[in-house]
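Visitor:
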Amino acid sequence: MSLRLRLTLRLLLIATVALTLFGCSEENQTETNSTGFAGLEQDADGFRHAEPNQPLSFPQEHAAHPDYRIEWWYITANLEDTAGEPVGLQWTLFRQALMPPSERPAPTPWAADQLWMAHMAISQGKQHQVAERFGRSHSQASLNTPQDSQAGVMISPFHAWLDDWQLKANEEADSSDFNHLTLTAYSGEGASRFGYRLELTAEGPLVLHGEEGFSQKAANGQGSMYYSQPFWQINGEVTINGETKTVSGRGWLDHEWSSQLLDARQSGWDWFSIHLNDGHKLMAFQLRGGSAQNADYRSGTWITPQGDSTPLATNDITLTPLATSAVAGRNVPTQWRLEIPSVGIDINIEAPHANRWMTTSVPYWEGEVVVNDRASVEPLGEGYLEMTGY
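Taking the UniProt record's numbering, the leading residue of the sequence shown gets 1, the next gets one more, and so forth.
1. Which residue's Cα is closest to the Cα of Asp308: Glu171, Pro205, Trp110?
2. Are the CB atoms of Thr182 and Glu203 within a distance shorter than 7 Å?
3. Under three-state DSSP, which class holds Val362?
4. Tyr384 to Phe272, Cα distance in whole Å?
5. Where in the segment 35-109 do unbroken runs of the beta strand (DSSP E), each at least 3 residues long, occur, reported from the N-terminal end onward?
6. Note the first and the last residue of the continuous beta strand (DSSP E) segment covering Asp254.
7. Which whole-angstrom value describes the C-beta separation of Tyr68 and Trp257, a residue pair presumed to lie in contact below a C-beta threshold of 8 Å?
8. By Cβ distance below 6 Å, which residues in the same chain neighbour Leu56 in space, the five residues on each side in sequence not counted?
9. Suppose you measure from the CA of Pro59 to the CA of Gly329; what does that come to, to the nearest Å?
10. With burial defined as no fewer than 16 other Cβ atoms inside 10 Å of the residue's Cβ, what is the status of Ala354: buried or exposed?
11. Ser215: buried (16+ other C-beta within 10 angstroms of its C-beta) or exposed?
12. Can you tell me whether DSSP reads Asp373 as helix, strand or coil?
13. Following the continuous beta strand (DSSP E) through Lys168, name the residue where it begins and the one where it ends.
14. Pairs of beta-carbons, one from the segment 234-247 and one from the segment 184-197, closer than 8 Å: are there three or more?
15. For Thr334, count neighbouring Cβ atoms within 10 angstroms of its own Cβ and tell me buried if that reaches 16, exposed if not.
16. Terminal residues of the continuous beta strand (DSSP E) containing Gln127?
17. Tell me the DSSP bridge mates of His275?
18. Measuring straight from C-alpha to C-alpha, what distance separates Leu167 and Val247?
19. Applying the 10 Å Cβ sphere with the 16-neighbour rule, what's the burial state of Thr92?
20. Leu162: beta carbon under 6 Å from a heavy atom of the ligand ZN?
21. Does DSSP put Ala160 in a helix, a strand or coil?
22. Hey, Leu162 and Ile122: beta-carbon distance below 7 Å or not?
23. Can you have a look at Val377 and say buried or exposed, based on whether 16 or more other CB atoms are within 10 angstroms of its CB?
24. Excluding the 5 residues preceding and the 5 following Ala351 in the sequence, name in chain order all residues of the same chain whose CB lies nearer than 6 Å to its CB.
25. Would a C-beta distance cut-off of 7 Å place Ala77 and Trp116 closer than the cut-off?
26. Give the range of the beta strand (DSSP E) segment to which Asn331 is assigned.
27. Does the segment 335-344 come within contact of the segment 102-115, defined as at least 3 CB pairs closer than 8 Å?
28. Taking the alpha-carbon of Trp252 as reference, which of Ser259, Trp232, Gln266 has the nearest alpha-carbon?
29. Mapping DSSP to helix, strand and coil, what is Asn179?
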């Protein structure tokens, strides 16, 4: 195949992924905001739907679920280098089914019914570097080795990848082990190179959100299947502007799949993952709009240091934006008050750096936050904040 043809096919693939996977771009984001973020409210006839009473079984659930329309494996980390300076990072692998199972073509070298996109970002101080990749696969393709498909997820041994960006079980780990993983992703060359190679060790159990893994996302009952590994201890190296640093800290992994994540009236979400210094963890989110009264829908999970979890309902959580920052031509809330009286939480959550805009095909804000007690201003922890639809 000629270089020109390969480049043409790649450009076509990128355009298809950007339009199909999320249905919008930077230019038409404003229009999209009025009908839901990134096309995630689209009808999903013919696909499986996330519902209550679908027991999750591991390690099988770590794999892809191609009969659902959308899915992601998502890692954030709050790290420090050897000088004690904070480093934040994100890696996400997205999957989008192009068509319902009944309409899929037979597998051939050119047939694809699954599109993939991966994001990676690394941040320190005012530096924020972002990269994006695209791929494709067929849901019935053999996944005996990563070389059999440009992107995919294997169970034994666990391996999620898009080209050479990958999250995989350590070579010395048991084939079904999900507690010891290696994350590798790099972009750029020379002085502009950035990325990371990190070792992830789970120091606590998986946590199922919502009703035994079914996480409701709107008052009408739709939602996703959703679990996390919030107990990662991370060690390794990051490279920023060509400089490599040793880092360590805490990480959080989410795996979520659905076929219609949002109500058509929901414009986007604000999602928080928090590591408290006393060992507790907190996941909380709100989806903006989505009812006749345009009320926000909120949910979350309170996690003990031992991994026991308590679901949090809309009425348990109060989220109040306290300050906004001008980012990429938008006013984005970068300081919040979060109240959960049932577990004694009244905290301020603040982004030390506002310039964490993800300049990807579907733009959004994603970055590190620090947590302080509302009354005493005592530092309580750290975490990550993702905001979409602004």
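Ideal Cβ placement from N, Cα and C applies to all residues, glycine included.
In this text the structure is predicted, and so the values were computed from the model without any measurement.
Guide: On the basis of the coordinates in this document:
1. Pro205
2. no
3. coil
4. 6 Å
5. 70-81, 86-97
6. 243-258
7. 5 Å
8. Gly213
9. 43 Å
10. buried
11. buried
12. strand
13. 165-169
14. yes
15. buried
16. 127-137
17. Lys281, Glu382
18. 18 Å
19. buried
20. The ligand ZN is not among the ligands present in this structure, which contains no ligands whatsoever.
21. strand
22. no
23. exposed
24. Thr334, Gly367, Val369
25. no
26. 330-340
27. no
28. Trp232
29. coil
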